[in-house]
């Protein structure tokens, strides 16, 4: 015979075991509204009783009482991209530190899917939205705020958008990368951009043009994919058109460049010096390891959560530092 699952412990059960009122148990488990000092025996008894009974607060019941769900929706441009994946981990941790549960949706670079995710999150009564938006698409944060739900963009905001945005370091990162490659004697520093100049990569391309003072034949383009960058690199090497120094807009492209160079028999950094502008964890484990302008993803996440939960002008929101140059082998700096 199948045994019936044991009944979940209730707040009343905890109160009875701890010899306290249900009100005190509620205050302890929900950190208010009346404080119960951490060192008091009453609080210790409640926590011990909750542990013995394996009691878990009912988020649904708490949501009905407080009119909040404790859930924040996170819309990712592409969950499979290591840059967005690393950023998502930091955002989830920052929200967890504020006692918020993260509900994540993958837009897969689709403006229509991003719109659908936002509508679904709003229907689920989330307390806020963090939108790691890709290029294009509507200003979905404005739609959320019109419904009374705070929203913040991270990494990118649509050109028509006016909601708060926490951006990566685009200008200083590019200038640092150009300066570093020039310190190796490279007068011609090429740039690998995306298929078009929208969004953050467009800002990075503009910063590169400002830093080098010319574009001519040193501006390259391909999709934000390893396979596309590898194919481009093989073609350039075959035609004898590969520049000696290259800054890639993204790590995904940089990893593809390394693969394409290896397949074509081009030595990195001997025949090609490479610096990338994301600095994802994957960049440390390529062959050779990538020199990167590492974006401050943790600080970006913490600031975005501060802005979302405390307001756009919150002084408690963490400032975002510039990208850091992490020197490894791909630029020609030896073992790094």
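Numbering (the numbering used here), first residue to last: 29 to 364. Heads up, the beta-carbon is just placed ideally off N, CA and C, and yes, glycines get one too.
{"Asked": "Minimum length 3: unbroken beta strand (DSSP E) runs contained in the stretch 210-250", "Found": "218-221, 247-249"}
{"Asked": "Cβ separation of residue 221 and residue 233, assumed to be a contact under 8 Å, to the nearest whole Å", "Found": "5 Å"}
{"Asked": "Buried or exposed (CB count within 10 angstroms, at least 16 for buried), residue 198", "Found": "buried"}
{"Asked": "Element boundaries [alpha helix (DSSP H), containing residue 113]", "Found": "110-125"}
{"Asked": "Residue 273 in three-state terms, based on DSSP", "Found": "strand"}
{"Asked": "Segment limits, alpha helix (DSSP H) that includes residue 77", "Found": "69-80"}
{"Asked": "Cβ neighbours of residue 104 in the same chain (closer than 6 Å, five flanking residues each side left out)", "Found": "112, 116, 134, 160"}
{"Asked": "Close beta carbons around residue 131, own chain, < 8 Å, minus the five adjacent residues each side", "Found": "99, 100, 101, 102, 149, 152, 154"}
{"Asked": "Residue span of the beta strand (DSSP E) that contains residue 154, given as start and end", "Found": "That residue, residue 154, is in no beta strand (DSSP E); it is neither H nor E in DSSP."}
{"Asked": "Delimiting residues of the alpha helix (DSSP H) encompassing residue 288", "Found": "279-292"}
{"Asked": "Exposure of residue 349, with buried meaning 16 or more beta-carbon neighbours within 10 Å", "Found": "exposed"}
{"Asked": "Cut-off 7 Å between Cβ atoms - residues of its own chain near residue 97, not counting five sequence neighbours on either side", "Found": "91, 153, 154, 155"}
{"Asked": "Status (buried if at least 16 other CB within 10 Å, exposed otherwise) for residue 184", "Found": "buried"}
{"Asked": "Cα-Cα separation between residue 280 and residue 126, rounded to whole angstroms", "Found": "32 Å"}
{"Asked": "Residue 80 classed as buried or exposed, judged by whether at least 16 other C-beta atoms fall within 10 angstroms", "Found": "exposed"}
{"Asked": "Residue nearest to residue 146 in terms of C-alpha spacing, selected from 237, 165, 45", "Found": "165"}
{"Asked": "CB of residue 275 within 8 Å of CB of residue 305, strictly", "Found": "yes"}
{"Asked": "Start and end residues, alpha helix (DSSP H) containing residue 337", "Found": "325-338"}
{"Asked": "Contact the stretch 176-192 vs the stretch 332-341: 3+ CB pairs below 8 Å", "Found": "yes"}
{"Asked": "Reference residue 261, options 218, 241, 238, closest by Cα", "Found": "218"}
{"Asked": "Cβ pair count under 8 Å reaching 3, the stretch 236-255 against the stretch 293-304", "Found": "no"}
{"Asked": "Cβ neighbour criterion (16 or more within 10 Å) applied to residue 69", "Found": "exposed"}
{"Asked": "Residue closest to residue 329, alpha-carbon to alpha-carbon, out of 347, 322, 315, 317", "Found": "347"}
{"Asked": "Expected contact under 8 Å - CB spacing of residue 118 and residue 359 to nearest Å", "Found": "That belief does not hold up - the Cβ atoms of residue 118 and residue 359 are roughly 26 Å apart, past 8 Å."}
{"Asked": "Own chain, CB closer than 6 Å to residue 32, minus 5 neighbours either side, in chain order", "Found": "Low confidence applies here, because residue 32 scores a pLDDT of 49, under 50, leaving its location unreliable; read the following figure in that light. Nothing meets the Cβ criterion."}
{"Asked": "Length of the line joining the Cα atoms of residue 76 and residue 124", "Found": "23 Å"}
{"Asked": "Through-space distance from residue 307 to residue 202, alpha-carbon basis", "Found": "13 Å"}
{"Asked": "Supposed contact pair residue 78 and residue 57 - C-beta distance, whole angstroms, cut 8 Å", "Found": "7 Å"}
{"Asked": "Beta-carbon contacts of residue 53 that lie in its chain and below 6 Å, excluding the five residues immediately before and after", "Found": "39, 42, 43, 74"}
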